[in-house]
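Colleague: A single structure is presented below for examination.
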Amino acid sequence: MTREEIKRKVNDVFCDVFDDDSIVVTDETTAKDIEDWDSLTHITLVSEIEDVFKIRFSMKEVLGMKNVGEMVDYIARTAE
Amino acid sequence: MSLSLLYKVLFCFCNNSTKSFCKTQNVKANILQFLFLNYDDMVFGSCASRFECSFFFQVIKLNSMMLEKGATAYRNIFLIDLNSIQNEVGRSVFYDPKLYYIGKIPVSLEALPYVAQRVTSVISAMMGRIKKCVVLDLDNTLWGGAIGDDGMEGIQIGELGLGHAYQDFQRWLRELRLMGVLLAVCSKNNEETAKEPFLKHPEMILQLDDISLFVANWQDKVTNIRYIQRILNIGMDSMVFIDDNPFERNLVRDTIPEITVPELPDDSSLYLSYLQGLDLFGTASYSDADKERTRQYQEEVGRIEQRQKFASLDDYLKSLGMVANVRPFDSFSYPRIAQLTQRSNQFNLRTIRYTDEDIARIARDQKYLTLEFFLDDKYGSNGLVSAIIMEKRESGLFIDTWLMSCRVLKRGMEEFIINKVIDVAEANGFKAVFGEYIRTPKNSMVEKIYSTLGFKEVSENRFEVIVGQFRKNKTYIQEKGE
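Listed in order, the protein sequences are those of chains V and F.
Be aware that the first sequence starts at 2, since it is given in my numbering, and climbs by one per residue.
Be aware that the second sequence starts at 1287, since it is given in my numbering, and climbs by one per residue.
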């Protein structure tokens, strides 16, 4: 899976979780950029992404990811 | 959670906050409280059950104390058990440590919908959305095989093999019956054939007197279910239809969308666990009276069947042998009368709500005359069915409150009551009786009742009858002791 493909899939998850098809995420997107992104949706996001890519984040990774770019990088490294 | 914290919670629960909170009379809120999850911290390995100080032991003890001291003592506490969900999905699915440490969320996202379902189920039971009746097919639903084809010896019911699954299913239905759920039969069979196993098969759990209404004929099930619903006089949305045949289920589901039709598994050994999993029968209150419900409905069915046999309503009413007992409010009846003033909406002329204390005060007050009515007939007792409060005024007696249970409507009770009211007025030296109708969204059925029973409408919704000119209404109800 290329980085672009991963990003597209991640974008789909965001649209799904926030129930908003107009969301376009970039590598720099953070929780501050999306209005409804609170702690609960954060957990839903993480768990959805885990399911879609069939991976498991460790707690350290969940807390350590600074933006969507880092999330995508992590997925690219793990989901082989 | 540490042990010391556990004790603190226990202490609060049993001695302090919840208790005093619930004792405050003004608190009308209901409290939903989760029981603690069974879990072993493995400090004692697999031997925790040997030691009272183990976490495993304490959680069980805490839960049972909550059940004993909370749920039974305070009716507004609803304890919700999540252990059954944890057992069903497994602890490793139910609890997600990562989620807990990130967000202090004790239940995994996967298990959360089940928890929500439990809570919703308790709330809808609290709101009175309960299932009141289970309509049952017979062949391959209550027993294996078809009674018409296989005969008494051929059907499967009993301790052996598949018969055991049907027997356990019947045991569960019987428990539901004792909890107040009505059981009805709806089967495509000859009535006599269909009843035979209930009467003669030694291993049947359900007996005929467990069944409120037994319908076995060759009509379609939709017609029969509508008949059952009409006779039992309950909402379609409070009924559940159980049938092994997908054709019948689909027909009923498509024609009567309000009724609940569980999609029974093909394998009859799975019926019981499947139906238990649906959590259909939540009820927020339960009393000994619930056990009596089947009998009361059977009596009502007897009355209706009798009625169909008579050419005229008069003949039918005569045949009932109705006897009424009348007296001023009795202190034993205060709570029931207060409850009637609060809950009767249809047959209620002025819809004034009274508390127990109000009723006690009125009963003792010389300014009022009160009457309570009990009605019995050859099928049984209907209990306290009507109450009247009359205020003594200069100009005559004023009917402050008249309400009646709709169960006894159109049996001559209305006529009997007004005859009695006029008798009482005369005996107390009153020349006139006044009544008033106050319209509400629900009481239009009694809009014309005073006019029908011999009163004159003197101004809008105000009625009067002169005692000396009153002609008694026809009724077939005898007064007890006369």
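Just so it is clear, CB atoms sit at the ideal spot from N, CA and C, and this is done for glycine as well.
1) Would D1530/F and L1550/F be called neighbours here (beta carbons separated by less than 8 Å)?
2) So, do the region 1487-1496 of chain F and the region 1444-1458 of chain F have three or more beta carbon pairs nearer to each other than 8 Å?
3) At least one CB of chain F closer than 8 Å to the CB of M72/V: is that the case?
4) Mind listing which residues of the region 52-71 of chain V have their C-beta closer than 9 Å to chain F's C-betas, in chain order?
5) Smallest Cα separation from F1484/F: which of F1343/F, G1437/F, F1527/F?
6) Please classify I3/V as buried or exposed, where buried requires at least 16 neighbouring CB atoms within 10 angstroms.
7) Residues of chain F with CB closer than 8 Å to the CB of H45/V, please, in chain order.
8) At what residues does the beta strand (DSSP E) containing A1610/F begin and finish?
9) Can you list the residues of chain F that S40/V reaches, using a CB-CB cut of under 9 Å?
10) Identify whether F1527/F lies in helix, strand or coil by the three-state DSSP scheme.
11) Using the beta-carbon of each residue, which ones in chain V are nearer than 7 Å to L1385/F?
12) Return yes when the C-beta of G1698/F is under 7 Å from any heavy atom of the ligand HEM, and no when it is not.
13) Exposed or buried, what is I1763/F when buried is set at 16 or more other beta-carbons lying within 10 Å of its beta-carbon?
14) In three-state terms, what does DSSP make of M60/V?
15) Indicate whether D1423/F and I1346/F have their beta-carbon atoms separated by less than 8 Å.
16) Grab the span of the beta strand (DSSP E) containing N1668/F for me, first residue to last.
17) State the Cα-Cα distance for the pair L1289/F and F1343/F, rounded to the nearest angstrom.
18) Keeping to the same chain, check which residues put their C-beta closer than 8 Å to that of F1533/F; ignore five residues upstream and five downstream.
19) Note the first and the last residue of the continuous beta strand (DSSP E) segment covering E1750/F.
20) Flag S48/V as yes if its beta-carbon sits less than 8 Å from any beta-carbon of chain F, otherwise no.
21) Alpha carbons only, please: which of E29/V, T31/V, I35/V is nearest the one belonging to D22/V?
22) Who pairs with D1553/F in a beta bridge, going by DSSP?
23) Could you give the C-beta distance for V18/V and T42/V, rounded to a whole number, given that I count them as a contact under 8 Å?
24) Sorted by chain position, which residues of the same chain lie with C-beta nearer than 7 Å to E1765/F's C-beta, five sequence neighbours on each side aside?
25) Between E1677/F, E1700/F, K1664/F, which lies nearest to V1671/F when the distance is taken from Cα to Cα?
26) Nearest to S1681/F by CA position, among I1371/F, I1752/F, D1565/F, I1648/F, is which residue?
27) What is the DSSP secondary structure of I1685/F, counted as helix, strand or coil?
28) Could you spell out where the beta strand (DSSP E) holding K1347/F opens and where it closes?
29) List in chain order: all unbroken alpha helix (DSSP H) runs of 4+ residues lying wholly within the region 1361-1437 of chain F.
30) Once you ignore the five residues that flank L1323/F on each side, which residues in its own chain have a CB closer than 7 Å to its CB?
31) If you run the structure through DSSP and keep just helix, strand and coil, what is K1706/F?
32) For the structure I just gave you, are there three or more beta carbon pairs, one from the region 1452-1459 of chain F and one from the region 1388-1399 of chain F, closer than 8 Å?
33) Is M1686/F near R1639/F, with beta carbons less than 8 Å apart?
34) Might you give, ordered along the chain, the residues of its own chain that have their beta carbon closer than 7 Å to the beta carbon of I1675/F, omitting 5 neighbours on each side?
35) Under a CB-based cut-off of 8 Å, is F19/V close to chain F?
Modeller: To lay it out plainly:
1) Walking along the second sequence from the start, residue 1530/F turns up at place 244. Walking along the second sequence from the start, residue 1550/F turns up at place 264. Their beta carbons are under 8 Å apart, which means D1530/F touches L1550/F by this criterion.
2) yes
3) Within the first sequence, residue 72/V is the residue found at index 71, counting from 1. M72/V does not count as touching chain F.
4) R57, F58, S59, M60, V63, L64
5) As a working note, residue 1484/F is residue 198 in the second sequence. The residue with the shortest Cα to Cα distance from F1484/F is G1437/F.
6) As a first step, residue 3/V must be located in the first sequence, where it is residue number 2. Per the sequence presented here, residue 3/V reads as Thr, with Ile not at that position. T3/V should be labelled exposed.
7) As a working mapping, residue 45/V is identified with position 44 in the first sequence. A small fix is needed here, since residue 45/V is Thr in this sequence, not His. Residues of chain F passing the Cβ test: L1395.
8) Position 324 of the second sequence holds residue 1610/F. Segment 1609-1613, the beta strand (DSSP E) holding A1610/F.
9) Residue mapping note: residue 40/V aligns to position 39 of the first sequence, counting from 1. Result: I1388, G1389.
10) As a first step, residue 1527/F must be located in the second sequence, where it is residue number 241. The answer is strand: DSSP assigns F1527/F an E or B state.
11) Start at 1 with the first residue of the second sequence, and residue 1385/F comes out as number 99. Here the neighbours are I44.
12) The ligand HEM is not part of the structure shown, which contains no ligands of any sort.
13) As a working note, residue 1763/F is residue 477 in the second sequence. When all chains shown are included, I1763/F counts as buried.
14) Taking the first sequence and counting its residues from 1, the one referred to as residue 60/V is at position 59. If DSSP states are grouped into helix, strand and coil, M60/V belongs with the helices.
15) Mapped onto the second sequence, residue 1423/F falls at position 137. Mapped onto the second sequence, residue 1346/F falls at position 60. Against a cut-off of 8 Å, the Cβ pair of I1346/F and D1423/F comes out as no contact.
16) One-based indexing of the second sequence puts residue 1668/F at position 382. Residues 1666-1678.
17) Taking the first residue of the second sequence as position 1, residue 1289/F is located at position 3. Taking the first residue of the second sequence as position 1, residue 1343/F is located at position 57. Annotation note: pLDDT 42 at L1289/F (below 50); position unreliable, no value reported.
18) On the second sequence, residue 1533/F is found 247 positions in, with the first residue counted as 1. Same-chain partners within the cutoff: there are none.
19) Residue numbering aside, residue 1750/F sits at position 464 when the second sequence is read from its first letter. Residues 1748-1752.
20) As a working mapping, residue 48/V is identified with position 47 in the first sequence. With 8 Å as the cut-off, S48/V counts as an interface residue toward chain F.
21) As a position in the first sequence, residue 22/V is number 21, starting the count at 1. Looking at the Cα atoms, I35/V is the closest of the given residues.
22) On the second sequence, residue 1553/F is found 267 positions in, with the first residue counted as 1. According to DSSP, D1553/F bridges with nothing at all.
23) Numbered from 1 along the first sequence, position 17 holds the residue referred to as residue 18/V. Numbered from 1 along the first sequence, position 41 holds the residue referred to as residue 42/V. Confirmed, about 6 Å.
24) As a working mapping, residue 1765/F is identified with position 479 in the second sequence. A1610, V1612.
25) As a first step, residue 1671/F must be located in the second sequence, where it is residue number 385. Considering only alpha carbons, the answer is E1700/F.
26) Position 395 of the second sequence, counted from the start, is the residue given in the question as residue 1681/F. The shortest Cα separation from S1681/F among I1371/F, I1752/F, D1565/F, I1648/F belongs to I1752/F.
27) Translated into the one-based positions of the second sequence, residue 1685/F becomes position 399. The answer is strand: DSSP assigns I1685/F an E or B state.
28) Within the second sequence, residue 1347/F is the residue found at index 61, counting from 1. Counting along the chain, K1347/F falls outside any beta strand (DSSP E), though it belongs to the alpha helix (DSSP H) covering 1341-1351.
29) 1369-1375, 1377-1380, 1383-1389, 1398-1412
30) Position 37 of the second sequence holds residue 1323/F. Around L1323/F: L1368, N1369, Q1372.
31) Reading the second sequence from its first residue, position 420 is the one you call residue 1706/F. K1706/F: helix per DSSP, three-state reduction.
32) no
33) Stepping through the second sequence from its first residue, residue 1686/F is reached at position 400. Stepping through the second sequence from its first residue, residue 1639/F is reached at position 353. What sits at residue 1686/F in the sequence shown is Asp, not Met. Against a cut-off of 8 Å, the Cβ pair of R1639/F and D1686/F comes out as no contact.
34) Position 389 of the second sequence, counted from the start, is the residue given in the question as residue 1675/F. Cβ within range, chain order: I1648, Y1654, T1656, D1686, T1687.
35) By 1-based counting over the first sequence, the position of residue 19/V is 18. F19/V does not count as touching chain F.
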